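K.L.:
A single structure is presented below for examination.
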Amino acid sequence: MIKTKKYGALIVVSGPSGSGKNTICDALLAKNSNYWLSISCTSRAPRGEEVNGVNYYFLTREQFEEKISKNEFLEYAEYNGNYYGTPLSVIEEKRSAGIHVILEIEVQGALKVKEMVPDAIFIFLMPPSMDILKQRLENRGTETKEKVLARFKTAYQEINEMPKYNYVVVNDEVENAVDKIESILTAEMCRVDRIEEVDLSTKEEVLHESLMEE
Ligand code: 5GP
75 MIKTKKYGAL IVVSGPSGSG KNTICDALLA KNSNYWLSIS CTSRAPRGEE VNGVNYYFLT
135 REQFEEKISK NEFLEYAEYN GNYYGTPLSV IEEKRSAGIH VILEIEVQGA LKVKEMVPDA
195 IFIFLMPPSM DILKQRLENR GTETKEKVLA RFKTAYQEIN EMPKYNYVVV NDEVENAVDK
255 IESILTAEMC RVDRIEEVDL STKEEVLHES LMEE
């Protein structure tokens, strides 16, 4: 009776480093086969066990700038001295196939997406507290103290941008946070602006007549 668009959602997930974006996105993907996480390009060096083409496409600054000049990004930003960008290709293809596309990106890039893709869903992931965020950043052990400090400082600036998002999810427990994001998607899929067609094939007069006869 109601036909809704099969078009997948574009979900933008941001939050400070250490808010657990990677863990949450991985858990979402493990549970839902109709979600796809976009792989970004970056000019930063691989960290820990990161693999090219899996975690990121690792590029030199020159390679990244060439892609900028060819308009190959949906959005890009400089963050802590490195470029990060979302490749344009594939996103439309996935959404048209009914797949929900997740962009796990920082705030400046998210705000650019907001201008370009008005129907995107913006979710801000918050750590349970700033103390926990500090601990998580220190426990990573993959970066210098200066870099950890820079990320912590950036975290405060990013949290100031939270009101520009549609939803905030506190990452206290992975399962809780994943449940909440799934619920957000369930609600978003019921929005009236996703309705393509309402088929009221049984006419009101027909029903009216049959009611009168009873
Ligand atoms: P990290 O260096 O910790 O992997 O990422 C640093 C920040 O860059 C994170 O907040 C991450 O979400 C963000 N990021 C990752 N990919 C992209 C992207 O394609 N575009 C933008 N704007 N930010 C990104």
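Numbering (the numbering used here), first residue to last: 75 to 288.
Ideal Cβ placement from N, Cα and C applies to all residues, glycine included.
Quick caveat: nothing in here was measured; it's all calculated off a predicted structure.
Which value, in whole angstroms, describes the spacing of the CA atoms of M236 and G183?
P.N.:
Taking the sequence shown and counting its residues from 1, the one referred to as residue 236 is at position 162. Taking the sequence shown and counting its residues from 1, the one referred to as residue 183 is at position 109. Each residue's Cα considered, the two are about 13 Å apart.
K.L.:
Are the region 225 to 236 and the region 102 to 121 touching, with three or more C-beta to C-beta distances below 8 Å?
P.N.:
Touching, no.
K.L.:
According to the neighbour-count rule (16 or more other Cβ atoms, all chains shown, within 10 Å of its Cβ), is I195 buried or exposed?
P.N.:
The count along the sequence shown starts at 1 and reaches residue 195 at position 121. Buried: at least 16 other Cβ atoms inside 10 Å.
K.L.:
In the structure shown, what three-state DSSP assignment does E123 receive?
P.N.:
Walking along the sequence shown from the start, residue 123 turns up at place 49. In the structure shown, E123 sits in coil (DSSP, three-state: anything other than H, G, I, E or B).
K.L.:
Tell me the DSSP secondary structure of G159 in three-state form.
P.N.:
Stepping through the sequence shown from its first residue, residue 159 is reached at position 85. In this structure, G159 counts as strand in the three-state DSSP scheme.
K.L.:
Is the CB-CB distance between V248 and T97 below 7 Å?
P.N.:
Position 174 of the sequence shown, counting from 1, holds the residue named residue 248. Position 23 of the sequence shown, counting from 1, holds the residue named residue 97. It is a contact, given that the beta carbons lie within the stated cut-off.
K.L.:
Quick check: is any heavy atom of ligand 1 less than 6 Å from the C-beta of C114?
P.N.:
Here residue 114 corresponds to residue number 40 of the sequence shown, with the count starting at 1. Correcting the residue type first, residue 114 is Ser in the shown sequence and not Cys. Yes, ligand 1 has a heavy atom inside 6 Å of this Cβ.
K.L.:
Entirely within the region 165 to 248 and at least 3 residues each: give me those beta strand (DSSP E) ranges in chain order.
P.N.:
Entirely contained in the region 165 to 248, the beta strand (DSSP E) runs reaching 3 residues are, in chain order, 174 to 178, 195 to 200 and 241 to 244.
K.L.:
Identify every residue that forms a DSSP beta bridge with V280.
P.N.:
Translated into the one-based positions of the sequence shown, residue 280 becomes position 206. DSSP lists no partner for V280.
K.L.:
Kindly indicate which residue of M263, I255, E262 and L281 has the alpha-carbon position closest to the one of L103.
P.N.:
For this step, residue 103 is matched to residue 29 along the sequence shown. Selected option, being the one with the closest Cα: I255.
K.L.:
Between L84 and V164, what straight-line distance do the alpha-carbon atoms span, to the nearest angstrom?
P.N.:
Residue 84 sits at position 10 when you count from the first residue of the sequence shown. Residue 164 sits at position 90 when you count from the first residue of the sequence shown. If you take the alpha carbons of L84 and V164, they lie about 12 Å apart.
K.L.:
In whole angstroms, give me the CA-to-CA distance for D273 and G89.
P.N.:
Taking the sequence shown and counting its residues from 1, the one referred to as residue 273 is at position 199. Taking the sequence shown and counting its residues from 1, the one referred to as residue 89 is at position 15. The straight-line gap from Cα to Cα measures roughly 41 Å.
K.L.:
For I173 and Y150, what's the separation of their Cα atoms in angstroms?
P.N.:
Mapped onto the sequence shown, residue 173 falls at position 99. Mapped onto the sequence shown, residue 150 falls at position 76. Those two C-alpha atoms are separated by around 23 Å.
K.L.:
Quick one, which of R135, K80, M75 and N129 has its alpha-carbon nearest D100's?
P.N.:
Position 26 of the sequence shown, counted from the first residue, corresponds to residue 100. D100 has its Cα closest to that of N129, out of R135, K80, M75 and N129.
K.L.:
If you measure from the CB of E178, is any heavy atom of ligand 1 nearer than 6 Å?
P.N.:
Here residue 178 is taken as the residue at index 104 of the sequence shown, counted from 1. Within the cutoff, so yes.
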